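Below you'll find the structure, written out as C-alpha cells, and then a few comments.
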Amino acid sequence: MRNRVLIVGGGSAGITVAALLRRKGISDIAILEPSETHYYQPAWTLVGGGVIPREKTARETGKLIPAGVNWVRDRAKSFDPVAGHVDTEQSGSLGYDFLVVAPGLQLDWQAIPGLEQALATPHVSSIYSYEGSTKTWEMLRGVQQGRAVFTCPP
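Residue numbers (my numbering): 34 to 187.
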C-alpha cells in the first residue's frame, strides 16, 4: 500500500498533523498506530493535581482519526527512506511520498537505578503514566504536613 502521506504515530501530534493536512485539502493520508486507546498525556498533570479524573484523558483512537484518513492498526518495524517505505510488524510495507515520524515517547523506568522499585512503594509516583497520575493525586491528598518534592530526571 502506498500513501501520499504516511504518519507514524497516532498520538496527539500525529492526529493533529493529519487533521491539518485534511483541512488543507490533502488526501491519501494514513496513520500507522497500534493502540486502540489514545491517552492525552499532557492532561495527566491535571489528573495528578486533582483537577480532572484520569478517565477523561482516554479516548478510542478510532474516534479521533480525522475523516478521510486511513488508520493502519500496526506498529513500525523499520524505516527505509531511500525506498520510501516503512515496514510494519503485521501489515507489510507501507509506501509514502511524504513521511511524518511522531511515535511519541517511550518510558524507560529502568534507566534510573531504583526508580521501578521506588514507584512500587506508596511514597513515590509519576504523572508520566496513566496509573501514576491518579496515584500522584491520592498521595497529594494525604499530605497533612511536611513537603512534597517534584523533580524531573535529566
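Glycine residues also receive a C-beta, built at the ideal position from the N, C-alpha and C atoms.
These numbers come from a predicted model, not from an experiment.
query, result
"Beta carbon of A51 nearer than 8 angstroms to that of I64", "yes"
"Contacting residues, own chain, Cβ-Cβ under 7 angstroms from D107 (five flanking each side not counted)", "L65, P67, T121, E122, Q123, S124"
"First through last residue of the alpha helix (DSSP H) which encompasses L148", "148-152"
"Cβ neighbours of D113 in the same chain (closer than 8 angstroms, five flanking residues each side left out)", "V119, D120"
"Burial state of S60 (16 or more Cβ within 10 Å)", "exposed"
"G165 versus P99 - alpha carbon distance", "30 angstroms"
"Element boundaries [beta strand (DSSP E), containing W104]", "102-105"
"The ligand MG heavy atom lying under 7 angstroms from the CB of T169", "Ligands displayed in this structure: none; no statement on the ligand MG is therefore possible."
"Straight-line Cα distance separating I85 from R92", "15 angstroms"
"Close beta carbons around A151, own chain, < 7 angstroms, minus the five adjacent residues each side", "V157"
"Identity of the residue in R87, E88, W104 nearest T94 by Cα", "W104"
"Through-space distance from A135 to L53, alpha-carbon basis", "15 angstroms"
"Unbroken beta strand (DSSP E) run spanning V133, endpoints", "126-134"
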